Amino acid sequence: MKTTDLPSATAPAKVLETALYAEDLGAATDFYQGLLGLEAFQTVPGRHVFFRIGDAVLLVFNPDATSEPSRNAKIPVPAHGARGSGHVCFAMPRPQIADMRARLIAAGVAVDAEFDWPNGAHSLYVRDPAGNSVEFAEPWLWE
């Protein structure tokens with residue numbers, strides 16, 4: 008069947024949540040809450056920790072715990088998960104990226120890359136304790 012033959016639907020307008028995977032949720036909490044300053048608002052030990060980012064959410068799951076579907080009939084979340092490095096990008100103005108860079112370096116976090124894109128937007132890349140690629144970029148990167 009061709010997509011042109013399907014019923015019409017409005018495209019999503021924004022990302023509500025995004026997920027990364029980490030076996031050591033304590034180290035993830037230390038990084039995202041302790042170092043980056045995100046608010047951890049829901050934790051299930053050994054399974055997940057969720058962080059607020061404005062009106063969106065960063066979900067950090069233990070991949071072992073989410074490889075099985077939910078056993079709760081009221082919340083039938085299907086099995087999901089990933090292995091290996093993921094990526095998340097946080098939008099920040101350039102001066103805040105510089106402040107975050109200084110904080111990360113002082114905490115012993117290595118910078119993977121830092122550069123200006125052809126359109127002039129600045130990006131800083133580091134790794135979280137699970138090896139996920141964490142980017143801080145100026146909000147107009149994709150304009």
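In our numbering, each residue carries its 1-based index in the sequence shown increased by 7.
We treat Cβ as the ideally placed atom computed from N, Cα and C, and that holds for glycine.
Remember, it's a predicted structure, so these values are computed and weren't measured experimentally.
Where DSSP assigns a beta bridge to residue i, which residues make up the other side?
| i | result |
| --- | --- |
| E142 | C96, Y132 |
| Y39 | Answer is none; Y39 lacks a bridge partner. |
| T50 | V56 |
| L65 | T25, F58 |
CB-CB under 7 Å to residue i, same chain, minus the five flanking residues each way: which ones, in chain order?
| i | result |
| --- | --- |
| H87 | T73 |
| A128 | A144, E145, W147, L148 |
| W124 | S130, L148 |
| P85 | P76 |
Alpha carbon to alpha carbon, what distance is there between residue j and residue i?
| i | j | result |
| --- | --- | --- |
| E75 | A144 | 34 Å |
| V67 | M107 | 21 Å |
| Y28 | H55 | 9 Å |
| A120 | D12 | 44 Å |
| S92 | E150 | 26 Å |
| A16 | E24 | 21 Å |
| S77 | L111 | 36 Å |
| Q49 | V118 | 29 Å |
Can the beta-carbon of residue i be found closer than 7 Å to that of residue j?
| i | j | result |
| --- | --- | --- |
| P136 | F58 | no |
| V95 | V22 | no |
Closer than 6 Å by C-beta to residue i: which residues in its own chain qualify, once you throw out the five before and the five after it? Chain order, please.
| i | result |
| --- | --- |
| L163 | Beyond the ends of the chain as shown, which are 8 and 150, falls residue 163; an answer cannot be given. |
| L42 | A114 |
In its own chain, which residues sit with a C-beta less than 8 Å from the C-beta of residue i, not counting the 5 before and 5 after it?
| i | result |
| --- | --- |
| G61 | none |
| L45 | Y39, F58, R59, I60, L65 |
| G53 | L32, N69, A72 |
| N139 | L27, Y28, A29, S92, G93, H94, V95 |
Residue i lies in the beta strand (DSSP E); which residues open and close that run?
| i | result |
| --- | --- |
| D123 | 118-123 |
| R59 | 55-60 |
| A72 | Where A72 is concerned, there is no enclosing beta strand (DSSP E), given that its DSSP letter is neither H nor E. |
| A26 | 24-28 |
Can you give me the start and stop residues for the alpha helix (DSSP H) that residue i sits inside?
| i | result |
| --- | --- |
| L111 | 101-113 |
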